[in-house]
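Please read the structure below before turning to the comments.
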Amino acid sequence: CVNSRPFGEHAPPLLELENIKFNTDEWTNLPVHIASALPRKLHLQPSHPLAITRTLIESQFPKPIYKSYNQLSPIVSVHQNFDSLGFPIDHPGRSRTDTYYVNKQTVLRTHTSAHQADTFRAAETDGFLISADVYRRDAIDRSHYPVFHQMEGARMWSRSVCGGDVVAAIYKDLENLPKHNMVIEDPNPTIHAERNPLQPEHSAEEAQAIAAHLKRSLENVVVEIFGHAKKAAVAAGEAKEEDEPLRVRWIEAYFPFTSPSWELEVFWQGNWLELLGCGVVRQHLPTNAGVPDKIGWAFGVGLERVAMLLFGIIDIRLFWSQDARFLSQFSEGKITRFVPFSKHPPCFKDIAFWLGSSSSAAGGGAVFYENDLMEAVRGAAGDLVEDVRLVDEFIHPKTGRRSLCFRINYRSLERTLTNEEINKLQEQVGAAVVEKLGVELR
Ligand code: FA5
Ligand code: MG
């Protein structure tokens with residue numbers, strides 16, 4: 010009973026998601042193909058590469074200091090996803106072009122940070138890990154999918170309980186963490202007045218101590234993961250023992266809920282790839298959660314990014330495959346290289362259209378959001394689309410109308426598509442684009 014349209018005016022009055030009924034309104038923009046991902050919970054499916062990745066990272070954070078929460082509902086309030094974290098009211102992440110709204114007050118979480126405030130409030134342990142499916146309206150290509158998985162982690166210390174010397178307590182915990190000998194590029198100062206400021210609530214010593222514990226904890230995860238990845242690649246004949254060591258670097262970042270903040274990147278197949286974001290928790294979070302004397306760190310890592318490196322999975326759609334030739338290659342606790350079972354040729358088809366041809370929701374004002382197109386294509390052709398990109402743009406010299414041409418790459422990961430099938434898909438995509446974007450095909 011879920012509407013397949015990007016805009017809410019055609020939504021049924023009630024949506025049932027995870028056995029709960031939600032009223033819809035003019036904010037509703039949740040299509041069927043996204044709602045149908047909710048029950049999958051790939052991070053919990055035994056022997057799924059995302060579940061193996063999750064377990065491997067969890068093993069780096071010892072119990073009982075860290076408690077794992079892996080069953081939190083993906084349906085959260087706008088308050089949980091944005092307000093509680095200090096997102097400004099005009100932050101682009103809040104817009105309906107970026108986020109799936111169930112209704113005005115309710116979204117599918119766009120990140121696991123949506124649960125930070127509640128988990129700080131519950132204060133069951135000093136540390137926690139939250140793994141979950143997250144949802145974002147986004148581009149279509151081999152490393153982006155509208156549903157992916159993150160793991161959130163946090164570690165807090167109480168200023169009062171540690172005999173008043175929280176800095177010493179943090180360094181003592183740091184001493185007890187495993188040491189590694191990987192060379193990690195970290196060219197920036199921990200605190201920088203403009204680029205990465207200290208919070209007024211913290212002393213520089215506190216922020217330095219928290220940052221040191223945070224960085225070592227995450228570096229240990231990377232060392233562990235790439236140890237496994239390299240072993241598997243060597244065993245599969247894809248790498249040699251004596252190959253160059255992995256390049257890893259810390260860069261400065263910005264999040265509304267941490268300061269200072271960083272991202273951790275690895276050099277992979279010729280590019281820097283971002284694995285995670287992290288930082289010193291902004292003090293408004295524990296304060297508003299009723300634990301004002303706690304200070305600490307938080308991070309959010311993309312599980313697909315890590316799993317792609319670990320298992321050599323080159324296309325993010327594969328994680329959703331129900332094909333036994335994919336699933337049977339993985340088993341709990343084992344890191345092995347993925348052997349592609351199909352190399353079917355791609356088939357490119359172009360779709361060109363004029364903007365602003367009708368009074369329909371998206372097309373009328375000639376405002377065009379690429380994410381609306383991506384969603385219409387994904388809705389009509391599902392995982393048979395590998396990527397979609399703009400190849401031509403044209404403004405008619407007389408009428409001033411704008412025309413866009415996108416190239417759609419069709420390829421099944423599982424079988425050979427016939428010409429008839431692709432033509433039919435292209436027709437369905439054309440119809441969906443006209444219906445949902447109100448454009449005129451050329
Ligand atoms: C966040 O989502 C923050 N909540 C992370 C965070 C948590 C910062 C706690 C500070 C403290 P970001 O949007 O950069 O940040 O996403 C975090 C990670 O998720 C990225 O580093 C990447 O590994 C992964 N990720 C982001 N977008 C995608 C995507 N479209 N597909 C696959 N993985 C993605
Ligand atoms: Mg990021």
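Position one of the sequence shown corresponds to residue 10 (UniProt numbering), numbered consecutively onward.
Heads up, the beta-carbon is just placed ideally off N, CA and C, and yes, glycines get one too.
These numbers were taken from a predicted model, which means no experiment stands behind them.
Subject >> Between the CA atoms of Thr-267 and Leu-211 - distance to the nearest angstrom >> reply: For the sequence presented, residue 211 should be read as His rather than Leu. Near 12 Å, if we compare the C-alpha coordinates of Thr-267 and His-211.
Original post:
Can you tell me whether Glu-18 is buried or exposed, with buried defined as 16 or more other CB within 10 angstroms of its CB?
Top reply: Interpretation of Glu-18 is limited by its pLDDT of 49, a score under 50 that renders its predicted location unreliable; no figure is taken from the coordinates.
**OP:** Would you give the residue range spanned by the beta strand (DSSP E) that Ala-309 belongs to?
**Re:** The residue asked about is misnamed: residue 309 is Gly in this sequence, not Ala. Taken as a continuous stretch (DSSP letters only), the beta strand (DSSP E) holding Gly-309 covers 303–311.
**OP:** Determine the DSSP secondary structure at Pro-269, reduced to helix, strand or coil.
**Re:** If DSSP states are grouped into helix, strand and coil, Pro-269 belongs with the strands.
Subject >> Contact set for Leu-294: own chain, Cβ-Cβ below 7 Å, skip 5 residues either direction >> reply: Contacts found: Gln-125, Ala-126, Phe-129 and Phe-266.
Subject >> Three-state class that DSSP yields for Gly-286 in the structure shown >> reply: strand
**OP:** Pick helix, strand or coil for Asp-34, following the three-state DSSP scheme.
**Re:** coil
**OP:** Would you please state the rounded distance, in angstroms, between the beta carbons of Leu-51 and Leu-59? I believe it to be under 8 Å.
**Re:** 5 Å
Original post:
What span of residues does the beta strand (DSSP E) with Ser-226 cover, start to end?
Top reply: Per DSSP, Ser-226 belongs to no beta strand (DSSP E); it is in the alpha helix (DSSP H), 213–244.
**OP:** May I ask which residues mark the beginning and end of the beta strand (DSSP E) holding Met-191?
**Re:** Met-191 -> no beta strand (DSSP E), and no H or E assigned at all.
Original post:
Would Glu-313 pass as a contact of His-158 if the rule is Cβ separation under 9 Å?
Top reply: yes
Subject >> Coarse secondary structure for Asn-280, derived from DSSP in three states >> reply: strand
Original post:
Between the C-alpha atoms of Ser-367 and Arg-411, what's the straight-line distance to the nearest angstrom?
Top reply: At Ser-367, the pLDDT of 45 sits below 50, so the modelled position is not reliable; the number obtained from the coordinates is stated separately. So the two alpha carbons sit approximately 13 Å from each other.
Subject >> Whole-angstrom C-beta distance between Ile-360 and Phe-415, which should lie under 8 Å >> reply: 5 Å
Subject >> Distance, Ala-307 Cα to Leu-138 Cα >> reply: 10 Å
Original post:
According to the Cβ coordinates, are Pro-269 and Asn-205 closer than 9 Å?
Top reply: Cβ distance < 9 Å, so Pro-269 and Asn-205 count as in contact.
**OP:** Indicate whether the contact test is met: 3 or more Cβ pairs, each with one atom in the segment 136–150 and one in the segment 41–56, closer than 8 Å.
**Re:** Below 8 Å, enough C-beta pairs join the segment 136–150 and the segment 41–56 to call them touching: three or more.
Subject >> Nonlocal neighbours in the same chain, by C-beta distance under 7 Å from Val-386, ignoring five residues either side >> reply: Ile-149, Val-394, Val-397, Ile-417 and Val-438
Original post:
Less than 9 Å separating the beta-carbons of Asp-107 and Asn-432?
Top reply: no
Original post:
If we count Cβ pairs, one from each stretch, closer than 8 Å, do we get three or more for the segment 107–116 versus the segment 21–35?
Top reply: yes
**OP:** Let me know the secondary structure DSSP gives Ile-360 once reduced to three states.
**Re:** strand
Subject >> Where the alpha helix (DSSP H) through Tyr-154 begins and ends >> reply: Looking at the DSSP string, Tyr-154 is not in any alpha helix (DSSP H), and its letter there is neither H nor E.
Subject >> Reduced DSSP category for Phe-350 - H, G, I as helix; E, B as strand; rest coil >> reply: coil
Subject >> In chain order, each beta strand (DSSP E) run of at least 3 residues that lies wholly inside the segment 33–101 >> reply: Runs of the beta strand (DSSP E) inside the segment 33–101: 75–78 and 84–86.
Original post:
Per DSSP, Val-257 is paired with what?
Top reply: According to the DSSP secondary-structure assignment, Val-257 is paired through a beta bridge with Ile-193 and Val-275.
Original post:
Who does Gly-162 pair with in a DSSP beta bridge?
Top reply: Leu-138 and Phe-308
**OP:** Compute the Euclidean distance between the alpha carbons of Leu-23 and Ala-44, then round it to the nearest angstrom.
**Re:** Whole-angstrom Cα-Cα distance: 14 Å.
Subject >> Between the CA atoms of Arg-146 and Val-443 - distance to the nearest angstrom >> reply: 19 Å
Original post:
The beta strand (DSSP E) with Gly-418 in it runs from where to where?
Top reply: Note on identity: in this sequence residue 418 is Asn, with Gly being the wrong assignment. Per DSSP, the unbroken beta strand (DSSP E) holding Asn-418 starts and ends at 411–419.
**OP:** Confirm the yes/no value for this check: CB of Gln-159, any heavy atom of ligand 1, distance under 8 Å.
**Re:** yes
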